[in-house]
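So for the sequence shown, the numbering used here puts the first residue at 307; every next one is plus one.
So the structure is just underneath, and the comments pick up after that.
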Amino acid sequence: LTPSQKKYLWIQMTKNGYRTKEPVELDFPKEKAVTIDQIFEYYREDLGYSIDELSNLLQTPKEDIDSLYSLNIVKKKPNIRILE
Numbered sequence: 307l308t309p310s311q312k313k314y315l316w317i318q319m320t321k322n323g324y325r326t327k328e329p330v331e332l333d334f335p336k337e338k339a340v341t342i343d344q345i346f347e348y349y350r351e352d353l354g355y356s357i358d359e360l361s362n363l364l365q366t367p368k369e370d371i372d373s374l375y376s377l378n379i380v381k382k383k384p385n386i387r388i389l390e
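Spelled out as structure tokens, the structure:
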């Protein structure tokens, strides 16, 4: 490429947003990890581990385990306020 072609190419890539993110054609949907869900289910139901035990075993707060793997194990407090 000549220097002017290179400059033009970079300008076009910037205009199309390719320098900050992948093209839409290459942006595949994320897959949900099924195996990790099965592992957590096995440890909880078959082996009888509690969430606290899994948290200690993984050295990870149970809130993080819940948010990372969508286990719905930590009950969140509703954001309710009393208005007067």
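C-beta: ideal position from N, C-alpha, C; glycine also.
Just so you know, these numbers come straight off a predicted model, no measurement behind them.
C-beta atoms of residue i and residue j nearer than 8 Å
i	j	result
I371	L364	yes
Y375	D333	no
L360	Y348	no
Any alpha helix (DSSP H) of 4 or more consecutive residues that is wholly inside the region 317 to 370: 340 to 347 and 357 to 364
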